[in-house]
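Protein sequences, first through last, are from chains A and B. Residue numbers for the first sequence follow this note's numbering, beginning at 6 and rising by one. Residue numbers for the second sequence follow this note's numbering, beginning at 6 and rising by one. Virtual Cβ for every residue (Gly too), placed ideally from N, Cα, C. Worksheet: the structure to be examined is printed underneath.
There are 2 protein chains.
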Amino acid sequence: MFISKSCSYGIRSVAYLSGYPQGRYVPIRDISSDLNISYHFLTKILQMLTAANILISSRGAGGGVALAREAAAITLYDLIIAIDGDELFTGCLLRLPGCGTKTPCPMHQEWDVARGKVNHFCCHTSVTGLKQHMLLLAANPASDL
Amino acid sequence: MFISKSCSYGIRSVAYLSGYPQGRYVPIRDISSDLNISYHFLTKILQMLTAANILISSRGAGGGVALAREAAAITLYDLIIAIDGDELFTGCLLRLPGCGTKTPCPMHQEWDVARGKVNHFCCHTSVTGLKQHMLLLAANPASDL
DNA sequence: CAAATAAAAGACTCTTTTATCTTAAATTAA
DNA sequence: TTAATTTAAGATAAAAGAGTCTTTTATTTG
Ligand code: SF4
Ligand code: SF4
């Protein structure tokens with residue numbers, strides 16, 4: 006598993022918001038019901054994205070959350086870092102505690118190359134154009150599209 | 006996190022065993038104490054590797070677990086599949102349930118390329134030569150080598 | 001055979017993640 | 001200013017992952 010379930014929810018929400026004009030507030034309740042995600046749980050996750058300046062939020066009538074910048078400028082990397090932290094991008098593949106790579110193991114260098122591809126992908130991929138696909142899947146659960 | 010903690014333990018154990026002649030039984034107790042892993046927990050994990058024909062085991066005095074084939078022929082891929090399953094190698098990056106990639110999303114193809122590098126790395130990397138590094142780390146916890 | 005050894009199996013606990021529920025605070029609109 | 005709306009915050013619960021403990025089964029040794 007590359008990302009946590011929380012992170013998945015965060016990414017899906019940003020993809021969902023990318024279908025609206027940037028800066029337009031959308032209630033979290035709408036996102037959660039359209040994507041079949043627990044409302045209160047999603048609230049906490051989106052708070053992380055707000056804290057990371059990826060979303061902005063507004064309370065009260067007419068409020069909600071909105072993209073803080075254009076969707077194309079929000080990368081998977083930004084979202085994963087905000088929710089899961091940098092473990093995926095910098096931590097030890099083998100989860101060996103205490104390895105600071107000052108004395109790299111035999112596999113480290115090649116691993117760094119492979120992971121570099123993942124990092125590059127995440128840094129250069131935004132969630133634009135994902136909304137349709139997601140809503141399709143949300144509407145046809147377990148249909149194996 | 007690419008792999009689970011259980012998987013990390015399994016990989017470390019195989020690396021540890023690679024320091025012994027192939028087929029030579031080593032008690033799990035020895036592995037667990039040298040690597041600072043809970044004995045009974047490790048037992049369950051190594052059972053998965055035995056079930057996957059990566060290790061062989063023998064009960065009773067003089068028994069233990071042993072590599073079922075030469076260490077160089079055991080890849081990270083084998084170990085991850087045996088303990089964590091194939092999710093990492095085949096599952097959806099975004100953890101979207103029900104996506105069978107018959108109708109791929111805009112990011113799928115590029116993601117497949119990046120993940121292909123990870124898969125290739127795991128399929129071509131064995132744990133030989135890792136034992137020294139691991140014992141060093143186990144002996145100097147949190148020393149950030 | 002009896003005793004010692006060591007994996008296998010099962011029950012149980014602790015921690016982290018995921019999910020739910022309740023209350024508070026901020027904002028808008030009438 | 002009152003009511004409605006909506007995020008923020010906190011408490012609690014369920015599920016999954018990780019770790020511990022006990023009992024059983026298989027094997028070797030004497
Ligand atoms: S050197 Fe090896 S053990 Fe250390 S962080 Fe890199 S992959 Fe992990
Ligand atoms: S097509 Fe997109 S949503 Fe489907 S499995 Fe691939 S990455 Fe996931």
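Any beta carbon of chain A sitting closer than 7 Å to that of residue 92 of chain B? Closer than 7 Å to some Cβ of chain A, the Cβ of residue 92 of chain B qualifies, so yes.
Considering only residues of the same chain and omitting the five flanking positions on each side of residue 113 of chain A, which have a CB-CB separation below 7 Å? 106
For residue 62 of chain B, the first and last residue of its enclosing beta strand (DSSP E): For residue 62 of chain B, the enclosing beta strand (DSSP E) covers residues 60-63.
Tell me whether the stretch 68-84 of chain A and the stretch 21-36 of chain A touch, counting them as touching only if at least three CB pairs, one residue from each stretch, are closer than 8 Å. yes
Ligand 2 and residue 113 of chain B: does any heavy atom of the ligand fall closer than 6 Å to the residue's C-beta? yes
Listed by chain order, chain B residues near residue 18 of chain A by CB distance under 7 Å: None at all; the shortest Cβ gap to chain B is about 12 Å.
Alpha-carbon spacing of residue 124 of chain A relative to residue 142 of chain B, whole angstroms: 26 Å
Output needed for residue 9 of chain B: all residues of its chain with C-beta closer than 6 Å, excluding positions within five of it in sequence on either side, in chain order. 89
Per the contact definition of three or more C-beta pairs closer than 8 Å, is the stretch 48-61 of chain B in contact with the stretch 94-110 of chain B? no
Taking 7 Å as the threshold (C-beta atoms), are residue 135 of chain B and residue 20 of chain B in contact? Yes; because the gap between Cβ atoms is below 7 Å, this pair is in contact.
Below 7 Å on C-beta distance, what does residue 134 of chain A contact in chain B? 111
Please classify residue 66 of chain A: does DSSP put it in a helix, a strand, or coil? coil
Buried or exposed: residue 43 of chain A, going by 16 or more other Cβ atoms within 10 Å of its Cβ? exposed
Over the uninterrupted alpha helix (DSSP H) stretch that includes residue 25 of chain B, give me the two end residues. Counting along the chain, residue 25 of chain B falls outside any alpha helix (DSSP H), and DSSP gives it neither H nor E.
Work out the CA separation of residue 39 of chain A and residue 84 of chain A for me, nearest whole Å. Taking the straight line from one Cα to the other gives about 20 Å.
If the cut is a Cβ gap below 7 Å, which residues of chain A does residue 75 of chain B touch? Neighbours of residue 75 of chain B across chain A, judged by C-beta separation under 7 Å, do not exist; the nearest C-beta is about 16 Å away.
Verify whether the separation of the beta carbon atoms of residue 80 of chain A and residue 110 of chain A is less than 7 Å. no
With a threshold of 6 Å (Cβ to nearest heavy atom), would residue 106 of chain B be considered close to ligand 2? yes
Which class does residue 142 of chain A belong to by DSSP, given the choice of helix, strand or coil? helix
Since I believe residue 75 of chain B is in contact with residue 27 of chain B (beta carbons under 8 Å), could you give me their beta-carbon distance rounded to a whole number of angstroms? 5 Å
Quick check on the burial criterion: 16 or more other C-beta atoms within 10 angstroms. Buried or exposed for residue 77 of chain B? Classification for residue 77 of chain B: exposed.
Between residue 26 of chain B and ligand 2, is the CB less than 6 Å from at least one heavy atom? no
When DSSP labels each residue in this structure, what does residue 71 of chain A get in the three-state scheme? strand
Rounded to the nearest angstrom, how far is the Cβ of residue 36 of chain B from that of residue 47 of chain B, given a contact under 8 Å? By a beta-carbon distance limit of 8 Å, residue 36 of chain B contacts residue 47 of chain B. Their separation comes to about 7 Å.
Looking only at its chain, what residues have a beta carbon closer than 7 Å to the beta carbon of residue 130 of chain A, apart from the 5 residues adjacent to it on each side? Apart from sequence neighbours up to five positions away, the residues of its chain that approach residue 130 of chain A with a beta-carbon distance below 7 Å are 80, 81, ordered along the chain.
Reducing DSSP to helix, strand and coil, say where residue 131 of chain A ends up. strand
May I ask you to check if the CB of residue 99 of chain A is nearer than 6 Å to at least one heavy atom of ligand 1? yes
Residue 17 of chain B, buried or exposed, once every other Cβ within 10 Å from all chains shown has been counted against 16: Its Cβ being crowded by 16 or more others within 10 Å, residue 17 of chain B is buried.
As a quick exercise: from B/11, B/145, B/138, pick the residue whose alpha carbon is nearest that of residue 24 of chain B. B/138
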